[in-house]
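Quick note, the sequences are listed as chains A and B, same order.
Heads up: the first sequence is residues 1 to 215, going by full-length UniProt numbering.
Heads up: the second sequence is residues 1 to 215, going by full-length UniProt numbering.
2 protein chains.
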Amino acid sequence: MTLSPTPRSTIKRGSKRAVTEREALHTVLDAGLVCHLAVVVDGAPLVLPTGYGRDGDTLYLHGSTGARSLREAATGVPVCVAVTLLDGVVYARSVFSHSMNYRAAVVHGTAVPVTNPDAKTHALKVLTEHLSPGSWDYARLPTPKELAATSVLALDLGEASVKIRTGPPGDEDADVAADERWAGVLPLRTAWGTPEPDPLLVADRDVPPHVSARR
Amino acid sequence: MTLSPTPRSTIKRGSKRAVTEREALHTVLDAGLVCHLAVVVDGAPLVLPTGYGRDGDTLYLHGSTGARSLREAATGVPVCVAVTLLDGVVYARSVFSHSMNYRAAVVHGTAVPVTNPDAKTHALKVLTEHLSPGSWDYARLPTPKELAATSVLALDLGEASVKIRTGPPGDEDADVAADERWAGVLPLRTAWGTPEPDPLLVADRDVPPHVSARR
């Protein structure tokens with residue numbers, strides 16, 4: 001039933017296995033929409049969901065300047081970021097072997113605030129294109145005031161790990177041999193629904209392709 | 001684009017608004033499948049996904065006894081737990097007003113290990129029925145050895161908050177008045193797929209109703 005923890009570890013650059021793992025890390029990060037960012041505040045943990053985007057081996061984290069944990073993270077304290085995708089529930093023959101199929105990435109590091117306007121604009125483009133591909137070219141771009149009101153952090157993906165569970169249950173041999181119960185996986189799918197236009201739209205405008213064709 | 005942070009706060013029991021908020025908290029917790037559990041290890045934050053289940057105002061957290069952060073949490077250190085459900089991407093007229101629709105719960109507290117066998121069995125039932133309703137009555141129940149190999153924590157929901165965003169974008173008046181671009185919400189849905197039987201099944205067995213009829 002557990003999503004086992006991803007131990008604090010580094011995917012070492014260079015080795016063949018590391019290349020595979022880094023590709024898996026990138027794939028998981030690119031497939032998620034929201035991350036969970038953890039920081040330490042007054043000795044206690046604080047975790048909150050926030051948007052992110054990846055550019056190479058840099059993870060950008062996004063938040064309003066009012067977000068306490070992002071303010072904390074911006075001071076150079078250690079952060080931990082998790083991205084988890086659920087793929088199914090694993091119904092085993094025994095309660096004990098019940099589990100989930102999932103893809104999980106965990107990143108450790110120190111988040112650095114992005115303050116240079118050009119770098120911040122680039123980071124916001126990465127964040128926007130992760131959340132809503134096509135929006136950067138379609139929507140009104142940030143004003144200097146909006147840029148200033150946005151807090152962006154950069155986190156290196158050097159210390160990261162990825163853990164993936166797929167496939168059928170891992171029941172005990174005796175339970176499998178007894179064959180007394182059904183076992184298998186109930187997949188969990190996510191899909192985009194039908195776009196819901198803002199009631200404040202005046203003109204009768206088609207849903208743009210970057211929204212209507214999103215897969 | 002941000003999931004704004006849920007500030008550390010308490011839903012006070014008793015008041016009318018608190019009742020509503022507590023119902024919303026319960027609804028969010030009951031709708032999720034995985035939580036993100038954060039603890040402090042050697043002064044640094046650690047966050048990992050794990051299974052959970054709710055019974056009244058108690059949240060049970062589940063993990064193998066090998067899970068480092070659960071071992072840490074079991075020593076009585078402060079924990080923070082987040083459950084986040086994504087409901088859609090909010091395409092605004094401006095990049096700055098892009099957002100997500102979501103339901104997010106955050107719980108602060110001190111997790112207490114559940115060690116009494118009867119209490120642990122009850123907690124495991126709650127966890128199992130959250131992950132896979134019907135499995136407790138259908139699957140083989142835990143042996144004493146399996147029970148001992150499982151770590152369960154209990155966390156009181158006394159200090160918790162819930163934050164929900166719904167509806168269309170919150171664009172600036174000037175952007176709305178200009179009416180130059182489409183804006184709206186692209187909903188994100190999750191749905192169960194077709195059950196995938198374990199290839200190791202011997203008998204030709206129907207998928208049981210608690211799996212096939214899950215909604």
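We treat Cβ as the ideally placed atom computed from N, Cα and C, and that holds for glycine.
Predicted model only: the values in this text are computed from it and were never measured.
Item, Value
"Counting contacts by CB-CB distance shorter than 9 angstroms, is leucine 46/B in contact with chain A?", "yes"
"Using Cβ-Cβ distances below 8 angstroms, what residues of the region 72-106 of chain A are close to chain B?", "Pro78, Val79, Cys80, Val81, Ala82, Thr84, Leu86, Gly88, Val89, Tyr91, Ala92, Arg93, Ser94, Val95, Phe96, His98, Met100, Tyr102, Ala104 and Val106"
"Quick one: is glycine 167/B buried, meaning 16 or more other Cβ sit within 10 Å of its Cβ, or exposed?", "exposed"
"Mind checking proline 209/A: buried by the 16 CB within 10 Å criterion, or exposed?", "exposed"
"Counting pairs of beta carbons, one from the region 35-42 of chain A and one from the region 169-180 of chain A, are three or more of them closer than 8 angstroms?", "no"
"Whose C-alpha, out of Val106/A, Asp87/A, Gly109/A and His108/A, is nearest the C-alpha of serine 99/A?", "Asp87/A"
"Does any residue of chain B have a CB that is nearer than 9 angstroms to the CB of histidine 36/A?", "yes"
"For a cutoff of 9 angstroms on Cβ pairs, would you count arginine 165/A as touching chain B?", "no"
"When Cβ atoms are compared, which residues of the region 194-206 of chain B fall closer than 8 angstroms to chain A?", "Thr194, Pro195, Glu196, Pro197, Asp198, Pro199, Leu200, Leu201, Val202, Ala203, Arg205 and Asp206"
"Quick one, are the C-beta atoms of leucine 48/B and alanine 160/B less than 9 angstroms apart?", "no"
"Within 8 angstroms, do at least three Cβ pairs link the region 27-36 of chain B to the region 114-129 of chain B?", "no"
"Would leucine 157/B and valine 211/B be called neighbours here (beta carbons separated by less than 9 angstroms)?", "no"
"Is the CB of alanine 139/A under 9 angstroms away from at least one CB in chain B?", "yes"
"In the DSSP assignment, the beta strand (DSSP E) including alanine 82/A goes from what residue to what residue?", "78-91"
"By alpha-carbon positions, which one of Thr115/A, Ser135/A and Val34/A ends up nearest to leucine 85/A?", "Val34/A"
"Output yes or no for whether 9 angstroms exceeds the beta carbon distance between isoleucine 164/B and alanine 104/B.", "yes"
"What does the Cβ neighbour count give for alanine 82/B, buried or exposed, with the cut at 16 atoms within 10 Å?", "buried"
"Between glutamate 172/A and leucine 153/B, what straight-line distance do the alpha-carbon atoms span, to the nearest angstrom?", "25 angstroms"
"Quick one: which chain B residues come within Cβ less than 7 angstroms of glutamate 146/A?", "Phe96"
"What three-state label does DSSP hand serine 132/A in the structure shown?", "coil"
"Could you tell me which residues DSSP puts in a beta bridge with alanine 38/B?", "Val47/B and Cys80/B"
"Figure out for me which residue from Pro133/B, Gly184/B and Asp204/B has the closest Cα to the Cα of glycine 53/B.", "Pro133/B"
"Please return the same chain residues whose Cβ sits closer than 6 angstroms to the Cβ of aspartate 57/B, not counting the five positions on each side in sequence.", "Leu157"
"So with CB distances below 8 angstroms, who are the chain B contacts of glycine 184/A?", "Pro195, Glu196, Pro197, Asp198, Leu201, Val207 and Val211"
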